[in-house]
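Residue numbers (the working numbering): 58 to 364.
Glycine included, C-beta positions come from ideal geometry on N, C-alpha and C.
Working notes for the structure below.
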Amino acid sequence: MGLSLKLSSLCIIIILSMALFSDLKLADSASPDYTNLIYKGCARQQFSDPSGLYSQALSAMYGSLVTQSTKTKFYKTTTGTTSQTTITGLFQCRGDLSNNDCYSCVSRLPVLSGKLCGKTIAARVQLSGCYLLYEIAGFAQISGMEMLFKTCGKNNVAGTGFEERRDTAFGVMQNGVVSGHGFYATTYESVYVLGQCEGDVGDSDCSGCIKNALEKAQVECGSSSSGQIYLHKCFIGYKYYPNGVPRGPSSPSSSSGSSGSSSSSGTTGKTVAIIVGGTAGLGFLIICLLFVKNLMKKKYDGTFSLL
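Structure below.
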């Protein structure tokens with residue numbers, strides 16, 4: 058009997074472990090990763106730091122940015138004990154991130170900046186959900202319209218009416234960024250668009266920056282089904298979903314205009330996974346119970362034969 062109970066307990070533990078592991082996998086797959094590296098920009102010149110003052114100022118700046126990321130999605134600060142060692146830094150999170158996601162994203166940036174750029178006099182590290190920028194006093198300023206990075210999808214959808222839908226979505230998004238005071242995401246006829254300006258840019262300048270970025274997207278990416286354009290003071294991204302924009306963590310946080318039919322592929326996939334996992338767990342439980350029952354029956358029959 059003791060052996061039967063042990064086997065039964067073992068079966069239950071295994072089943073519970075399988076269920077927990079499946080839930081963890083589903084939770085992990087459902088969580089978007091906002092920490093993927095998009096690009097880095099590192100100044101060529103390293104700062105001379107025999108006294109360690111630059112390092113102290115840089116560490117203080119990093120600490121301040123990470124701390125503030127639990128409260129806000131944009132923060133700019135200046136650290137340093139002298140005018141020569143002054144460092145200005147900022148971070149910004151995507152407007153649709155929660156405070157926890159923002160902190161999780163920003164807290165990775167100091168280490169990444171050190172690994173990717175070392176102790177350069179200026180650096181910018183852009184992740185999919187946030188970015189960090191710092192520069193020492195006197196660093197040459199660049200135009201807010203300067204393009205820092207671009208990426209265009211490999212799929213070409215010319216001749217499908219995509220360009221017209223994309224351009225209309227661009228117009229909706231440009232207006233939305235102004236009314237949203239620096240951030241807007243929406244869908245229009247299966248085109249998902251997102252735009253954001255640096256937190257200290259006014260509405261008028263933001264509109265001009267976004268317009269510039271959209272024009273660059275039209276020229277640089279052409280008929281590509283997706284693209285991202287990063288200017289110094291703003292960025293935009295878009296993606297075309299022929300079967301409808303899927304609902305989920307990465308779906309736009311707001312919607313306007315005529316949206317395309319939504320795809321439930323993400324939800325369907327999770328439902329199927331739950332059904333399959335539950336069915337497998339139930340089947341394994343039945344097998345365990347039958348095994349224990351058969352073992353107990355054999356032991357019971359054997360006891361009578363000995364008498």
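Rounded straight-line distance, which links the Cα of residue j to that of residue i
{"i": "residue 143", "j": "residue 196", "result": "11 Å"}
{"i": "residue 240", "j": "residue 227", "result": "13 Å"}
{"i": "residue 154", "j": "residue 215", "result": "33 Å"}
{"i": "residue 138", "j": "residue 115", "result": "11 Å"}
{"i": "residue 176", "j": "residue 229", "result": "41 Å"}
{"i": "residue 253", "j": "residue 111", "result": "31 Å"}
{"i": "residue 186", "j": "residue 152", "result": "9 Å"}
{"i": "residue 90", "j": "residue 271", "result": "25 Å"}
{"i": "residue 87", "j": "residue 304", "result": "Here the model assigns residue 87 a pLDDT of 34, short of 50, so the residue's position is not dependable and the matter cannot be decided."}
{"i": "residue 365", "j": "residue 125", "result": "Shown here, the chain extends from 58 to 364; a query on residue 365 therefore has no answer."}
{"i": "residue 131", "j": "residue 178", "result": "22 Å"}
Check: residue i C-beta below 8 Å from any heavy atom of the ligand NAD
{"i": "residue 195", "result": "Summarising the ligand content, the structure contains no ligands, and the ligand NAD is consequently not present."}
Exposed unless 16 or more other CB atoms sit within 10 angstroms - verdict on residue i
{"i": "residue 296", "result": "buried"}
{"i": "residue 299", "result": "exposed"}
{"i": "residue 244", "result": "buried"}
{"i": "residue 199", "result": "exposed"}
{"i": "residue 103", "result": "exposed"}
{"i": "residue 276", "result": "exposed"}
Distance CB(residue i)-CB(residue j) smaller than 9 Å
{"i": "residue 180", "j": "residue 100", "result": "yes"}
{"i": "residue 34", "j": "residue 191", "result": "Within the shown structure, residues of the chain are numbered from 58 to 364, placing residue 34 beyond reach of any answer."}
{"i": "residue 248", "j": "residue 222", "result": "yes"}
{"i": "residue 291", "j": "residue 246", "result": "no"}
{"i": "residue 128", "j": "residue 145", "result": "no"}
{"i": "residue 201", "j": "residue 278", "result": "no"}
{"i": "residue 184", "j": "residue 95", "result": "yes"}
{"i": "residue 220", "j": "residue 280", "result": "yes"}
{"i": "residue 189", "j": "residue 147", "result": "yes"}
{"i": "residue 173", "j": "residue 268", "result": "no"}
Local conformation of residue i per DSSP, three classes
{"i": "residue 118", "result": "helix"}
{"i": "residue 101", "result": "coil"}
{"i": "residue 234", "result": "helix"}
{"i": "residue 196", "result": "coil"}
{"i": "residue 244", "result": "strand"}
(request) Say whether the segment 201-208 touches the segment 278-289, bearing in mind that this needs 3 or more beta-carbon pairs closer than 8 Å, one atom from each stretch. (result) yes
(request) Pair every Cβ in the segment 260-269 with every Cβ in the segment 220-234, then say whether three or more of these pairs are closer than 8 Å. (result) yes
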